[in-house]
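Number of protein chains: 2
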Amino acid sequence: MSASVSRQDIAEAQARIDGYAVKTPLLRFSVLDEAVGGTVLVKPECLQRTGSFKFRGAFNRLSMIPEAERARGVVACSSGNHAQGVAEAARILGMKATIVMPSDAPSIKLQRTRNFGAEVVTYDRAAEDREEIAAEICRRNGATFVHPFEDPDVIAGQGTVGVELATQAREMGVLPEAVLVCTGGGGLSAGVALALETDLPTCRFHTVEPEGFDDYARSLECGERLSNPAASGSICDALLTERPGENGFEILKRRADKGLVVSDAEARAAAAFAFRELKLVVEPGGAVALAALLSAKVDCAGQNIAIVITGGNVDFSILTSELE
Amino acid sequence: MSASVSRQDIAEAQARIDGYAVKTPLLRFSVLDEAVGGTVLVKPECLQRTGSFKFRGAFNRLSMIPEAERARGVVACSSGNHAQGVAEAARILGMKATIVMPSDAPSIKLQRTRNFGAEVVTYDRAAEDREEIAAEICRRNGATFVHPFEDPDVIAGQGTVGVELATQAREMGVLPEAVLVCTGGGGLSAGVALALETDLPTCRFHTVEPEGFDDYARSLECGERLSNPAASGSICDALLTERPGENGFEILKRRADKGLVVSDAEARAAAAFAFRELKLVVEPGGAVALAALLSAKVDCAGQNIAIVITGGNVDFSILTSELE
Numbered sequence: 001m002s003a004s005v006s007r008q009d010i011a012e013a014q015a016r017i018d019g020y021a022v023k024t025p026l027l028r029f030s031v032l033d034e035a036v037g038g039t040v041l042v043k044p045e046c047l048q049r050t051g052s053f054k055f056r057g058a059f060n061r062l063s064m065i066p067e068a069e070r071a072r073g074v075v076a077c078s079s080g081n082h083a084q085g086v087a088e089a090a091r092i093l094g095m096k097a098t099i100v101m102p103s104d105a106p107s108i109k110l111q112r113t114r115n116f117g118a119e120v121v122t123y124d125r126a127a128e129d130r131e132e133i134a135a136e137i138c139r140r141n142g143a144t145f146v147h148p149f150e151d152p153d154v155i156a157g158q159g160t161v162g163v164e165l166a167t168q169a170r171e172m173g174v175l176p177e178a179v180l181v182c183t184g185g186g187g188l189s190a191g192v193a194l195a196l197e198t199d200l201p202t203c204r205f206h207t208v209e210p211e212g213f214d215d216y217a218r219s220l221e222c223g224e225r226l227s228n229p230a231a232s233g234s235i236c237d238a239l240l241t242e243r244p245g246e247n248g249f250e251i252l253k254r255r256a257d258k259g260l261v262v263s264d265a266e267a268r269a270a271a272a273f274a275f276r277e278l279k280l281v282v283e284p285g286g287a288v289a290l291a292a293l294l295s296a297k298v299d300c301a302g303q304n305i306a307i308v309i310t311g312g313n314v315d316f317s318i319l320t321s322e323l324e
Numbered sequence: 001m002s003a004s005v006s007r008q009d010i011a012e013a014q015a016r017i018d019g020y021a022v023k024t025p026l027l028r029f030s031v032l033d034e035a036v037g038g039t040v041l042v043k044p045e046c047l048q049r050t051g052s053f054k055f056r057g058a059f060n061r062l063s064m065i066p067e068a069e070r071a072r073g074v075v076a077c078s079s080g081n082h083a084q085g086v087a088e089a090a091r092i093l094g095m096k097a098t099i100v101m102p103s104d105a106p107s108i109k110l111q112r113t114r115n116f117g118a119e120v121v122t123y124d125r126a127a128e129d130r131e132e133i134a135a136e137i138c139r140r141n142g143a144t145f146v147h148p149f150e151d152p153d154v155i156a157g158q159g160t161v162g163v164e165l166a167t168q169a170r171e172m173g174v175l176p177e178a179v180l181v182c183t184g185g186g187g188l189s190a191g192v193a194l195a196l197e198t199d200l201p202t203c204r205f206h207t208v209e210p211e212g213f214d215d216y217a218r219s220l221e222c223g224e225r226l227s228n229p230a231a232s233g234s235i236c237d238a239l240l241t242e243r244p245g246e247n248g249f250e251i252l253k254r255r256a257d258k259g260l261v262v263s264d265a266e267a268r269a270a271a272a273f274a275f276r277e278l279k280l281v282v283e284p285g286g287a288v289a290l291a292a293l294l295s296a297k298v299d300c301a302g303q304n305i306a307i308v309i310t311g312g313n314v315d316f317s318i319l320t321s322e323l324e
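These protein sequences, in sequence, are chains U and X.
The first sequence: position 321 = 321 (the numbering used here), numbered continuously.
The second sequence: position 1 = 1 (the numbering used here), numbered continuously.
Spelled out as structure tokens, the structure:
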């Protein structure tokens with residue numbers, strides 16, 4: 001059963017996160033324009049509070065929990081970015097957060113989630129079901145479960161990226177002909193695509209995924225939600241979802257063009273490019289839209305293209321092999 | 001003999017660099033505000049074209065060279081950031097650039113300067129005089145010498161950082177009570193201080209330098225230009241100047257408050273903080289103003305403080321020891 005999200009929900013989310021989330025800038029880099037032969041607008045959500053866009057959706061959702069229910073806390077499952085977003089939103093709102101994270105999550109993400117004040121419960125990605133673990137905690141505490149990409153209020157919060165992007169692009173006088181977004185469960189992509197439907201109605205929209213986790217690319221092609229063959233095996237730890245979210249897919253089925261796919265090596269090279277040339281710290285999963293441009297998965301010649309860099313929570317050692 | 005720079009010169013520089021230089025954003029980070037107990041505005045010139053503010057002054061100066069003289073090219077001395085700024089400005093304007101760089105400059109800076117199309121001439125920092133080498137090339141070619149911080153048109157170009165910062169701070173409704181700028185020869189600091197004299201007249205201004213290269217701090221205290229005891233020995237390679245520039249010192253003597261000084265360890269820790277928490281790639285010399293805040297060289301409690309992060313051209317290995 002799918003719940004709907006509207007442009008109005010995104011506008012309301014924007015009002016709720018105002019003053020808490022960062023209105024990230026829309027950046028241009030001549031070195032990137034020259035590399036791809038077009039005009040690229042970069043929305044660097046690595047500069048967002050907690051280091052990824054996830055804070056937007058988490059704060060929007062948590063601030064909608066009625067006062068009476070807040071004392072019972074929130075629970076989330078996440079490989080690390082939604083974890084930090086929920087933990088930080090809970091800290092601001094004075095709520096207890098419990099986060100169910102895979103034991104093989106990047107150590108920086110486990111550590112940062114704890115630093116934001118959350119209790120972390122780890123599980124074995126291969127043997128255990130994280131949603132069951134979370135459901136059990138919710139039953140015990142009466143806590144509110146916050147899904148990373150299925151929750152309509154989370155999708156609405158992520159959609160604020162799209163509203164900002166469209167407004168900033170207009171202010172800069174550069175209207176994107178295509179927008180590329182790194183895609184896991186599709187909460188951000190759905191929110192952005194929904195915002196652009198009204199705010200930049202003629203632009204194309206592309207999801208970008210890592211090889212082996214191209215569930216959106218395949219699902220969009222055949223019109224129904226397909227699963228990925230494996231649950232791990234890509235360096236893009238932020239994008240390892242089982243299949244498209246139901247609500248996200250509803251929106252993207254209507255709105256998205258062909259899904260793009262990059263290899264782990266292309267994602268890693270894009271993160272290294274971001275470090276060297278853009279001076280931005282980007283995690284591999286946050287770099288796949290940039291990777292799609294740099295490895296010519298889409299024709300940029302003479303085009304205006306906008307990309308969202310979704311996160312920067314990368315273990316330093318991940319970048320080392322590319323940069324030393 | 002000192003040449004004067006006026007607020008009008010900065011306004012003219014702003015018009016010249018428009019469309020070539022990046023108008024870098026003014027950023028806020030809750031994690032930084034919480035770390036220092038105040039409100040911090042960050043002007044990240046690491047996101048500037050070529051990875052440092054130096055492109056502003058270089059492009060302003062080079063675009064003022066009369067058409068008839070452009071074919072004879074430009075010459076500059078630089079440890080690497082001015083080098084890249086001049087090289088890129090020359091490339092845009094179709095001029096030949098020759099850059100005299102110390103043989104021990106960070107390899108990323110040597111390589112990037114060549115990538116921007118310049119010819120690099122290396123010298124031995126301990127045994128040779130770089131200005132003599134540059135003067136000889138100018139005599140031979142009739143090229144224009146572009147001094148990294150003494151040239152009034154370079155100072156005017158760097159001053160555009162101050163104009164942007166003041167405008168953006170007003171737009172954000174956060175008026176800085178102090179502005180901290182990483183300082184080598186003082187071209188940027190002088191330009192920014194000059195801009196703020198009219199644009200934010202009540203705010204304090206602090207130079208920030210690494211230990212052993214605190215020539216501005218000592219010179220401002222005694223009212224005359226003092227030299228540093230050594231020519232090398234700090235990790236902040238961008239800030240290793242012999243003594244304050246004559247023109248910069250004239251302006252800063254009038255305008256600057258107490259000069260601040262940080263250790264190499266504090267600069268390195270600040271660069272690591274920028275990587276981990278701000279998701280910005282910052283070189284140690286570009287991180288000294290941030291280091292001054294993080295190591296409490298200035299009282300931030302309840303204050304609005306603006307800092308300029310001046311550059312991000314760092315060899316990856318420099319960050320490694322702090323981050324692994």
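All residues carry an ideal CB built from backbone N, CA and C; glycine is no exception.
A quick note: this is a predicted structure, and the numbers were derived from the prediction, not measured.
Item: Minimum Cβ-Cβ distance from residue 273(U) to chain X less than 9 Å; Value: no
Item: C-alpha distance - residue 240(X) paired with residue 107(X), whole-angstrom precision; Value: 17 Å
Item: Exposure of residue 276(U), with buried meaning 16 or more beta-carbon neighbours within 10 Å; Value: buried
Item: Cutoff 9 Å: residue 22(X) Cβ touching any chain U Cβ; Value: yes
Item: DSSP state of residue 1(U) mapped onto helix, strand, coil; Value: Confidence in residue 1(U) is poor, its pLDDT being 42 and thus under 50, which makes the residue's placement unreliable; the coordinate value appears in the next sentence. Of the three classes helix, strand and coil, the one that applies to residue 1(U) here is coil, per DSSP.
Item: Inter-residue Cα distance where the pair is residue 74(X) and residue 14(X); Value: 21 Å
Item: Rounded straight-line distance, which links the Cα of residue 87(X) to that of residue 71(X); Value: 14 Å
Item: Range covered by the beta strand (DSSP E) that runs through residue 262(U); Value: 260-262
Item: Nearest-angstrom Cα separation, counted from residue 142(U) out to residue 316(X); Value: 47 Å
Item: Residue 279(X): contacting residues in chain U (beta-carbon distance under 7 Å); Value: 46, 47, 51, 280, 281 and 312
Item: Alpha helix (DSSP H) runs contained entirely in the stretch 52-113 of chain X, provided each spans 4 or more residues; Value: 54-62, 67-70 and 81-93
Item: Contacts of residue 30(U) in chain X (Cβ-Cβ under 7 Å); Value: 49
Item: Whole alpha helix (DSSP H) elements within the stretch 163-246 of chain U, 4-residue minimum; Value: 187-199 and 215-222
Item: Residue 209(X) versus residue 61(U): straight-line alpha-carbon distance, rounded; Value: 45 Å
Item: Residue 43(X), DSSP secondary structure in three states; Value: strand
Item: Touching by the beta-carbon criterion (3+ pairs, under 8 Å), the stretch 291-302 of chain X and the stretch 264-276 of chain X; Value: yes
Item: Contact the stretch 113-130 of chain U vs the stretch 138-153 of chain U: 3+ CB pairs below 8 Å; Value: no
Item: N-terminal and C-terminal residue of the beta strand (DSSP E) that residue 119(X) is part of; Value: 119-123
Item: Beta-carbon gap between residue 5(X) and residue 179(X) smaller than 9 Å; Value: no
Item: Cα-Cα separation between residue 213(X) and residue 233(X), rounded to whole angstroms; Value: 9 Å
Item: Where residue 24(X) sits in the DSSP three-state scheme; Value: coil
Item: Residue 9(U) - DSSP class collapsed to helix/strand/coil; Value: helix
Item: Under 9 Å between C-beta atoms of residue 244(X) and residue 173(X); Value: no
Item: Residue 17(X) versus residue 196(X) - alpha carbon distance; Value: 19 Å
Item: Chain X contacts made by the stretch 250-263 of chain U, where a contact means CB separation under 7 Å; Value: none
Item: Whole-angstrom distance between residue 312(U) and residue 283(U), CA atom to CA atom; Value: 5 Å
Item: Unbroken alpha helix (DSSP H) run spanning residue 135(X), endpoints; Value: 130-141
Item: Interface positions of the stretch 54-69 of chain U facing chain X (Cβ-Cβ less than 9 Å), listed along the chain; Value: none
Item: Contact belief for residue 116(X) with residue 84(X) at Cβ below 8 Å, rounded distance in angstroms; Value: 6 Å
Item: Close-in-space but distant-in-sequence residues of the same chain around residue 1(X) (CB under 7 Å, 5 per side omitted); Value: Per-residue confidence for residue 1(X) stands at a pLDDT of 41, beneath the threshold of 50, marking its modelled position as unreliable; no derived number is given.
Item: 9 Å Cβ cutoff, residue 276(U) in contact with chain B; Value: The structure shown contains no chain B; its protein chains are U and X.
Item: Bridge partner(s) assigned by DSSP for residue 308(X); Value: 43(X) and 181(X)
Item: Through-space distance from residue 252(X) to residue 7(X), alpha-carbon basis; Value: 14 Å
Item: C-beta atoms of residue 159(U) and residue 9(U) nearer than 9 Å; Value: yes
Item: Residues near residue 300(U) in its chain [Cβ-Cβ closer than 7 Å; skip 5 each side]; Value: 36, 37, 38 and 293
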